[in-house]
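In what follows, a single structure is set out as structure tokens and then discussed.
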Amino acid sequence: MAMDHELKRAKWFLCGIVLFIVSCFFAYEEWAYLTNGREAIATITAVTPVTTQRRSGTRKSLRVDFAFVEPNGTQRTGSESESTDWTPPATGQVKVRYTPGTYGRVRFAGRVNWAGVGLFIGSLCILGFFGGRLWLEAREATRPRKKKRVHHE
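Under the working numbering, the first residue of the sequence shown is numbered 1, with each subsequent residue one higher.
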């Protein structure tokens, strides 16, 4: 029975490792925006209605295309998805946050992928909890047993 319990914990630990590896991608992207990201003002170049088909039905949104220039003169473009009730600013410009470089990303300023951050923190908690439990059980199993003293009266 104890072996089944240990095996179950080991499976949870392995699931935590897989979840951690997947979440690292999202967490790295957020970390890059936080530490290396820069802000710029972008000009909206197009707002296009988009309809996507899904199993649960159709979803309508707006695709907002924009362009801006980095301080070093590099032309950059990007796009974001917005709800259909979104209206572009009267100035035709939006604040964006980008990571510089050839493979840099860009998104509207103020957006954070909280689901990715939550997935990363959740996977760390799973790894910490089940990893700690496995470590304690392994340490207990390999610890030499103390002999009990028998007292004679």
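Backbone N, C-alpha and C fix where the C-beta goes; we use that ideal spot for every residue, glycine too.
- Query: Under the rule that 16 or more other beta-carbon atoms within 10 Å means buried, what is glutamate 39, buried or exposed?
  - Reply: Exposed: under 16 other Cβ atoms inside 10 Å.
- Whole-angstrom distance between arginine 111 and valine 96, CA atom to CA atom: 9 Å
- Cβ of isoleucine 126 within 9 Å of any chain C Cβ: You won't find chain C in this structure, because it holds only one protein chain.
- Message: If distances are taken between C-alpha atoms only, which option among Val106, Ala67, Ile121 comes closest to glycine 37?
- Response: Val106
- Pick helix, strand or coil for alanine 90, following the three-state DSSP scheme. coil
- Item | Cutoff 7 Å; reference alanine 46; Cβ partners in own chain excluding five residues on either side | Asp65
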